[in-house]
Structures are given as C-alpha cells and as structure tokens.
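Engineer: The numbering used here applies: residue 1310 is where the sequence shown begins, and numbers increase by one. Where is the CB? At the ideal position from N, CA and C, for every residue including glycine.
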Amino acid sequence: MTIALFMFSTWALISISWSDTERSFGTLFKRPLYILMLFAACALIALQANTRLAQSTLLAAVLMLPLTAYSLMMFMANATPGERLIGYGALDNPLLSSHVFGFFCAFWLALSMTVNPSHSGLALAAALLMGMALLATGSRTPFVATALTCAWLIVACWNKRSIWLLLSGVLAVLALVLLYPEVLSNRGLSYRPELWANTLSMVAQQPWQGLGFGAHLELFLSGIPYSFREPHSFALGVLYYTGIIGLALWLAMHGLALFQCWKHRNNYLFIVCGALLVYGIGAGLTEGGGILPRPKEHWLVTWIPLALIAALTIRTQQTQGALR
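Structure representation (structure tokens):
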C-alpha cells in the first residue's frame, strides 16, 4: 500500500510538467509529503506503541459525541424548514460535515459489531447519534456509504449481530422512504450526471496521462450561473488529474487495503478500519474530486483509513516475522 501511494504521488508530481497549474512545484510537492508523513507517523505508532493507535482513535470518537450532540441540539432549536445541518468551526457546508459525522458513524457502527456484546449497546447508541447528525445534513451520499459499510460489516463479521444489522438496515431504509421521502427525492440528482459527462469529455483529450496535478478545472452547466470546481467523484478527479495510469495506482491502493482487511478479519481492528475505508469509498462515489489534498475533512474518507490499515498491516507483518 505504501509503495502504491509512493508511486501514485510520484506520478502526480511528474504530471505537473504538463499541467496548466499556476501553483509552484513546492506548493504542490507539500501535498503528498503531508500524506506520506501521515502514513509514516501511523506506522511508527503501530510499531512502537500499538495500543495507542487504537486508543487515540477511540478518544477522538468519544470526544466527537458531545460535539455532535451540541450541534444537533442547536440545529433543532434554531433550524427553519428545509435548512440543513452544517456544523461549527471549519465545517462550512453540509457535504463536508457529512464526511466528519460519517467517519465516526462508521467507526461506532463497526465497534458495535466487534466489541464484547455487553458493550455493543453503547457503541450502537453512539452510532445512532452520529446517524442522526448525518440525516440532519440532508446529504444523500452518506446513505449509500453507510449501506456499503453495513454490507462490509455483515460479510466480514457474519455472526448473530450481522443478521440484526441486516434487518435494522432494511427497516431504516423503509422508514426513511415512508416517513421522509423528500430527503431522497427533493434535489433530484444534483447535476451529477452532467458534471461527470463534462469531466469525461475533458479527460478524453489526454486519457492516459490526465490533465496534470493541479490543473485548472471549471465545469459549466447550462442554466447554472456559477461553475463547479470539482467533478463530485473522487475517482473521476483522479482520472482527470492523473489519467488512467494514476487511477490504476489509486485503485491498487484501495484494493490492497481491502484485501488486507479481509485477510486479517479475525482481528477486529482490521474490521473497524475496513469499515472506515468502505464508508470513504461510498462517500467518494458522488462527492469530492481533488487529489492529494492538504489536511482537511477529505482525509477522513480517504487517507486516514488507508494510513491506519497500512500501519496495522506493517505491525501484523512484523509480529508474524518475529514469531517465525
């Protein structure tokens, strides 16, 4: 995984040579460096103090609960009809907020499936709180991402709780369709097909190498007075900037990560991190588009899950090597 990341980053930096970006090489060089440092930091923690990696992630999830509860209470107290939960601080739109809430929703959901049954109720309650925040954002992509996460947990765990999760998921979908159908249908497809078609038409100019890391991207749609700066799909963003070659490396990273999670599914940490990655894959289907971003909420659905899985894999390989 780390080798695939290094190759993808190297290819992205090479692509600057044919990009029309106005940013300096040094500015763009820092982006993959941040991510490589994240991978290195997680790996070092896993090798030298493995329990701290899990403890720090759990601590972040616990601290997120009162913040989410506060955001929900303030939203319910002051919201007007049709308004969507945004959040506070750096969270400046519902889609970005859904990445944060969704990451921790997937975390608590995975924990409810893997911890001791006596504690699973608390984890499930935390997942429900995060799920309510996701619903309040009004974003529909998290529904797909959460459904994929549930499918991963059902297959990877496959125990009595898997059956309950499957039934609960079916009931939740039915309740959403019957009680709040407008959540799914009010905004139609939000211009996604048009944005994807326009992006692909640009990619067709240089399909193998892409337009280059940092290339200018501005999508105009008929009847819309403003432009879009993202294709609203992580995979399409990778394809636009780095072409088929970059996309192949991008998919290799995710494929290797999922393979490791499946291979080591007897370890609950891999199941939890796999759930985070699957959620991120689902969230990236219709959202995002920038590659190798600076540290921000997009890291929660791409680079943090990948870094955690890489660290766990390195730790596992070292432990197995020591036993031999």
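Could you tell me which of Trp1505, Phe1452, Ser1510, Asn1468 sits nearest to Leu1483, measuring between CA atoms?
Structural biologist: Phe1452
Engineer: What's the call for His1428, buried or exposed, on a 16-neighbour Cβ count within 10 Å?
Structural biologist: exposed
Engineer: Would Phe1317 pass as a contact of Trp1559 if the rule is Cβ separation under 8 Å?
Structural biologist: yes
Engineer: Near Pro1614, what residues of its chain come up, given a Cβ to Cβ distance below 7 Å and the 5 sequence neighbours on each side ignored?
Structural biologist: Cys1582, Leu1585, Leu1586, Gly1589
Engineer: Taking the DSSP output, what are the residues bridged to Leu1437?
Structural biologist: DSSP, once it has assigned bridges, lists no residue as partnering Leu1437.
Engineer: What is the C-beta distance between Leu1546 and Glu1539, in whole angstroms, given that I count them as a contact (C-beta under 8 Å)?
Structural biologist: A small fix is needed here, since residue 1546 is Gly in this sequence, not Leu. That pair is a contact at about 7 Å.
Engineer: On a CA-only basis, which of Ala1415, Thr1336, Arg1332, Ala1557 is nearest Ala1370? Give me that one, please.
Structural biologist: With distances taken between Cα atoms, Ala1370 lies closest to Ala1415.
Engineer: Suppose you measure from the CA of Phe1543 to the CA of Val1610; what does that come to, to the nearest Å?
Structural biologist: 10 Å
Engineer: Output needed for Gly1599: all residues of its chain with C-beta closer than 8 Å, excluding positions within five of it in sequence on either side, in chain order.
Structural biologist: Glu1539, Gly1546, His1607
Engineer: To which residues of the same chain is Met1373 closer than 6 Å at the C-beta, ignoring the five residues directly before and after it?
Structural biologist: Within the same chain, and ignoring the five residues on either side of Met1373 in sequence, the residues whose Cβ sits closer than 6 Å to its Cβ are Phe1413.
Engineer: So which of Asn1402, Thr1450, Leu1474 has the shortest CA-CA distance to Ala1460?
Structural biologist: Leu1474
Engineer: From which residue to which residue does the alpha helix (DSSP H) around Met1310 run?
Structural biologist: Note, Met1310: premise wrong, no alpha helix (DSSP H); not H, not E.
Engineer: Please report the distance separating the alpha-carbon of Gly1380 from that of Leu1444.
Structural biologist: One point to set straight first is that residue 1380 is Ser, not Gly, in the sequence displayed. Straight-line Cα distance between these residues: approximately 13 Å.
Engineer: Evaluate Ser1333 with the Cβ neighbour count: other Cβ atoms within 10 Å of its Cβ, from every protein chain shown; 16 or more gives buried, anything less gives exposed.
Structural biologist: Exposed.
Engineer: Closest to Val1424 by CA distance: which of Phe1579, Gln1515, Tyr1549 is it?
Structural biologist: Phe1579
Engineer: Mind reading off the beta-carbon distance from Ala1620 to Ala1355? Whole number of angstroms is fine, and I expect it under 8 Å.
Structural biologist: 4 Å
Engineer: Quick one, are the C-beta atoms of Ala1616 and Leu1347 less than 8 Å apart?
Structural biologist: It is a contact, given that the beta carbons lie within the stated cut-off.
Engineer: Taking the beta carbon of Phe1522 as the centre, do at least 16 other beta carbons fall within 10 Å, making it buried, or is it exposed?
Structural biologist: buried
Engineer: DSSP beta-bridge partners for Phe1537?
Structural biologist: Leu1528
Engineer: Just to confirm the assignment, what range does the alpha helix (DSSP H) spanning Val1371 have?
Structural biologist: 1359-1387
Engineer: Less than 8 Å separating the beta-carbons of Gly1447 and Pro1390?
Structural biologist: no
Engineer: So what does DSSP say about Tyr1577, is it helix, strand or coil?
Structural biologist: Correct three-state label for Tyr1577: helix.
Engineer: When burial is assigned at 16 or more other CB atoms within 10 Å of the CB, is Phe1529 buried or exposed?
Structural biologist: exposed
Engineer: Span of the alpha helix (DSSP H) holding Ala1506?
Structural biologist: 1501-1512
Engineer: To which residues of the same chain is Leu1462 closer than 8 Å at the C-beta, ignoring the five residues directly before and after it?
Structural biologist: So the list reads Leu1418, Ala1419, Met1422, Ser1471, Leu1474, Ile1580, Ala1584, once near-sequence residues are dropped.
Engineer: Does the beta-carbon distance from His1541 to Glu1596 come in below 8 Å?
Structural biologist: yes
Engineer: Does Met1385 pass the burial test, meaning 16 or more other C-beta atoms within 10 Å, or should it be called exposed?
Structural biologist: Classification of Met1385: exposed, given that the 10 Å Cβ count is below 16.
Engineer: Please return the same chain residues whose Cβ sits closer than 7 Å to the Cβ of Arg1501, not counting the five positions on each side in sequence.
Structural biologist: His1541, Thr1595
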